[in-house]
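Here the sequence shown is numbered in this note's numbering, starting from -18 and rising by one per residue.
Notes follow the structure.
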Amino acid sequence: MYKPRWLTFLLLLVATLLSDGMAFVGNGLPSKQSQLFMRQDESSNELDRRSFFSVPLSAVILAGLPSDAKAAKGAAEYDLEYYMRDLFMGNKKEGNLPVSNAPPAAPSRTLREPLLSLLLDDELKSSIPIQELARVTTIPIGSLAEQVAAYRTKVAPAFQASHPWQKESVSDEYYFDLTCYALWKVASATIQDYSVRDKFVRSIGLRLLNEMVQQEFLSKQSIAILNKIDNKLTDLIPCVIEVLDLFQSTSYCSSYRLGEKNDEERSGLKVFDELDDEEISSPNGAGSVNCLVSIFDPATLGGALQITGEGSRFSPDFVGPTLAALFERVGNCTVNFESYFVDPVYRPNPKDFFPNERFYQFTIARKS
C-alpha cells in the first residue's frame, strides 16, 4: 500500500525517537545506535538532518536494540525497512497491473439436435426462450425477433473479436452465445420486475424438461419417474444424469460434474442417499438438501460473463432452470439455485479471470 512521503517521514521520525529512548535501557547511557541519530550541538538541541540522512539503512533497522541482541527482524523492522527503501529508492508499485491477454479461444463447437431447436432457432420464432418471452411480455414474437436481431448486429463485432464464429448460425457455439446474449438483453429491457424475470427463466427450464419427456429424448425409466410428482431424491439421480448427458451429447457443454469435486461418496450415482430422502420427507428432518453441479464450457458462457460484468445476474442459462424443474418432481418441496463462474487456474494478477466452468448450487427444501 502506497503512503505519502510526508507520512513516511513522520513514521520514520517517531520510530527513531522511540528507538532512541529504548537505547537507554540497561546501562543508563545512549547506545551507539542512538548516537548515530542525534548530534547534540553546543548551541542547539535541534536534530541535524545531514547526520540523520547519512545513517545506513541497517542502522535504522537495528535502532533501539541492545548492541549484543541477536534477534530476527520483526514486523515493525520490516515495515520500517520498507518505508525507508520506498523513501530513498522507491518500491515497485503493485495493484495497477493491466489485464493479461485471454487464452486463445478454442474452435467453436457445432450444437446439434435434438436439443438445439428447442434452445434457439435462426429465425428467432419457434424456440422456447423467444416463445416464453412473448408470453410473459405479451409482445408479438415478430417484434421481439427484430429487437434481438438488431441488438445482435450491434454487439457482434466485439464478440467476434474474441470468439470468432465459423458461420452465422445458432448451430455455431459462438454465434449461439452471441444470440443468447442479445435475447437476454432484450428480455431485461422488456421485463423490469425481478420476480417476473425469475418466472421467465424457470418457465424455460420447465418447458425444456417437458419437451424431453414428451419427445422421448430420455429413457422410458426416466420418463416414467418424471411423470410422477412424489419422487424421492434418490429416484431422480438417473434422470439428472440423462439430462446432463443430453446437454453434453448435443455439444451445449464439453463436460459436466455431478456432486462434490473431491468426494466420490457424494458424486455421480451417489450424489443423494437415503438420509437425504429422510431430510426431505420426514417432519423431524432439517428439511433441505444441497446438490452441486458443474458445467464446463457451456455455450452461453461468454454472454453470461458479459452480462454479469455489466452488473446483472439475469444472464443466459438453460441447465440451471431445467434441473430446478426436475428436482421439483420431488413432492412437496421448493427448489432454489445459484450459479457462479470458476477459473481453474491460479493467476497472480487479480484482474485476470478466465473461467471455463459454471458452478451451480441447488437447494431442495421441504415446504413448511
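Note that the Cβ used here is the ideal one computed from N, Cα and C, for glycine as well.
**Message:** Taking a contact to mean a Cβ-Cβ separation below 8 Å, would you say Ala305 touches Val316 in this structure?
**Reply:** Translated into positions along the sequence shown, residue 305 becomes position 324. Translated into positions along the sequence shown, residue 316 becomes position 335. Their beta carbons are under 8 Å apart, which means Ala305 touches Val316 by this criterion.
**Item:** Pairwise C-alpha distance: Asp211 and Gly292
**Value:** For the purposes of this step, residue 292 is taken as residue 311 along the sequence shown, with counting starting at 1. For the purposes of this step, residue 211 is taken as residue 230 along the sequence shown, with counting starting at 1. Distance between Gly292 and Asp211, taken at the CA atoms: about 38 Å.
**Prompt:** Less than 7 Å between the CB of Asp211 and some heavy atom of the ligand HEM, yes or no?
**Reply:** No copy of the ligand HEM occurs in the structure displayed, which carries no ligand at all.
**Item:** Cys161 (DSSP reduced to helix, strand or coil)
**Value:** Along the sequence shown, one-based indexing puts residue 161 at 180. In this structure, Cys161 counts as helix in the three-state DSSP scheme.
**Prompt:** DSSP beta-bridge partners for Tyr321?
**Reply:** In the sequence shown, residue 321 corresponds to position 340, counting from 1. As a beta-bridge residue in DSSP terms, Tyr321 pairs with Phe340.
**Message:** Assuming the contact rule is C-beta atoms closer than 8 Å, Thr344 and Ser296 should be a hit. Round their C-beta distance to whole Å, please.
**Reply:** Locating residue 344 in the sequence shown gives position 363, where the first residue counts as 1. Locating residue 296 in the sequence shown gives position 315, where the first residue counts as 1. Thr344 to Ser296, Cβ: 20 Å. No contact.
**Prompt:** Once you ignore the five residues that flank Val346 on each side, which residues in its own chain have a CB closer than 7 Å to its CB?
**Reply:** As a working mapping, residue 346 is identified with position 365 in the sequence shown. First, the residue type needs correcting, since residue 346 is Ala and not Val in the sequence shown. Sequence-distant Cβ neighbours of Ala346 in its own chain, meaning closer than 7 Å and more than five residues away, are Gly268, Ser269, Cys314, Thr315.
**Item:** Residues of its chain near Glu319, where Cβ-Cβ distance is below 6 Å and the 5 sequence neighbours each way are ignored
**Value:** Here residue 319 corresponds to residue number 338 of the sequence shown, with the count starting at 1. Sequence-distant partners of Glu319 (beyond 5 residues in either direction) whose C-beta falls short of 6 Å from its own C-beta, in its chain, are Gln342.
**Prompt:** Tell me which same chain residues have a C-beta within less than 7 Å of the C-beta of Gln147, skipping the five on either side of it?
**Reply:** Locating residue 147 in the sequence shown gives position 166, counting from the first residue. Within the same chain, Gln147 has close Cβ partners Ser89, Asp153.
**Request:** In angstroms with no decimal places, state the Cα-to-Cα distance between Pro325 and Asn337.
**Result:** Here residue 325 refers to the residue found at position 344 when the sequence shown is read from its first residue. Here residue 337 refers to the residue found at position 356 when the sequence shown is read from its first residue. Taking the straight line from one Cα to the other gives about 8 Å.
**Prompt:** What does DSSP give as the partner residues of Val300 in its beta bridges?
**Reply:** Numbered from its first residue, the sequence shown carries residue 300 at position 319. In DSSP, Val300 forms no bridge with anything.
**Item:** Pairwise C-alpha distance: Gly249 and Ile222
**Value:** Working through the sequence shown from its first residue, we reach residue 222 at position 241. Working through the sequence shown from its first residue, we reach residue 249 at position 268. So the two alpha carbons sit approximately 8 Å from each other.
**Prompt:** Using the rule of at least 16 other Cβ atoms within 10 Å of the residue's Cβ for burial, across every protein chain shown, is Gly7 buried or exposed?
**Reply:** Residue numbering aside, residue 7 sits at position 26 when the sequence shown is read from its first letter. Low confidence applies here, because Gly7 scores a pLDDT of 40, under 50, leaving its location unreliable and the question unanswered by this model.
**Message:** I'd like to confirm the pairing. Which residues does DSSP put opposite Ser98 in its beta bridges?
**Reply:** For the purposes of this step, residue 98 is taken as residue 117 along the sequence shown, with counting starting at 1. Bridge partners of Ser98: none, in fact.
**Request:** State the CB to CB distance for the pair Pro279 and Val300, rounded to an integer number of angstroms; the pair is presumed to be in contact (CB under 8 Å).
**Result:** The residue labelled residue 279 in the question sits at position 298 within the sequence shown. The residue labelled residue 300 in the question sits at position 319 within the sequence shown. For Pro279 against Val300, the beta-carbon gap comes to about 7 Å, under 8 Å, which counts as contact.
**Rounded separation between Phe140 and Leu217 - CA only** = For the purposes of this step, residue 140 is taken as residue 159 along the sequence shown, with counting starting at 1. For the purposes of this step, residue 217 is taken as residue 236 along the sequence shown, with counting starting at 1. Each residue's CA atom was taken as its position, placing Phe140 and Leu217 some 38 Å apart.
**Asked** How many Å lie between Tyr132 and Pro138 at the Cα?
**Response** One-based indexing of the sequence shown puts residue 132 at position 151. One-based indexing of the sequence shown puts residue 138 at position 157. Rounded to whole angstroms, Tyr132 and Pro138 show a C-alpha spacing of 11 Å.
**Request:** Compute the beta-carbon to beta-carbon distance between Leu227 and Phe198, rounded to the nearest angstrom, for a pair I have assumed lies under 8 Å.
**Result:** The residue you call residue 227 lines up with position 246 of the sequence shown. The residue you call residue 198 lines up with position 217 of the sequence shown. The pair is a contact, with the Cβ atoms about 6 Å apart (cut-off 8 Å).
**Message:** Within 10 Å of its beta-carbon, does Gly290 have 16 or more other beta-carbons around it, so buried, or fewer, so exposed?
**Reply:** Numbered from its first residue, the sequence shown carries residue 290 at position 309. Its Cβ having fewer than 16 others within 10 Å, Gly290 is exposed.
**Asked** Span of the beta strand (DSSP E) holding Val326?
**Response** Counted from its first residue, the sequence shown places residue 326 at position 345. For Val326, there is no enclosing beta strand (DSSP E), since its DSSP letter is neither H nor E.
**Message:** Please classify Thr119 as buried or exposed, where buried requires at least 16 neighbouring CB atoms within 10 angstroms.
**Reply:** Residue numbering aside, residue 119 sits at position 138 when the sequence shown is read from its first letter. Looking at its Cβ environment, which holds fewer than 16 other Cβ atoms inside 10 Å, Thr119 is exposed.
**Prompt:** In angstroms, rounded to a whole number, what distance separates the CA positions of Asn265 and Arg294?
**Reply:** The residue labelled residue 265 in the question sits at position 284 within the sequence shown. The residue labelled residue 294 in the question sits at position 313 within the sequence shown. Their Cα atoms are separated by approximately 35 Å.
**Asked** Going straight from the alpha carbon of Gly123 to that of Leu189, what length do you get?
**Response** Against the sequence shown, residue 123 aligns to sequence position 142. Against the sequence shown, residue 189 aligns to sequence position 208. Straight-line Cα distance between these residues: approximately 22 Å.
**Asked** If you run the structure through DSSP and keep just helix, strand and coil, what is Ala56?
**Response** The count along the sequence shown starts at 1 and reaches residue 56 at position 75. Ala56 falls in the helix class under three-state DSSP.
**Request:** Can you give me the start and stop residues for the alpha helix (DSSP H) that Arg178 sits inside?
**Result:** Residue mapping note: residue 178 aligns to position 197 of the sequence shown, counting from 1. The continuous alpha helix (DSSP H) containing Arg178 extends over residues 175 to 195.
**Prompt:** What residue does the beta strand (DSSP E) around Ser236 start on, and which one ends it?
**Reply:** For the purposes of this step, residue 236 is taken as residue 255 along the sequence shown, with counting starting at 1. DSSP places Ser236 in the uninterrupted beta strand (DSSP E) bounded by 236 to 239.
**Item:** Separation of Pro329 from Ser81, as counted between CA atoms
**Value:** Here residue 81 is taken as the residue at index 100 of the sequence shown, counted from 1. Here residue 329 is taken as the residue at index 348 of the sequence shown, counted from 1. Take the alpha-carbon of Ser81 and the one of Pro329: they are about 11 Å apart.
**Item:** Distance, Arg310 Cα to Lys209 Cα
**Value:** Residue numbering aside, residue 209 sits at position 228 when the sequence shown is read from its first letter. Residue numbering aside, residue 310 sits at position 329 when the sequence shown is read from its first letter. Cα-Cα distance, rounded: 7 Å.
**Prompt:** Thr118 by DSSP, collapsed to three states: which one?
**Reply:** One-based indexing of the sequence shown puts residue 118 at position 137. Looking at Thr118 - three-state DSSP - the assignment turns out to be helix.
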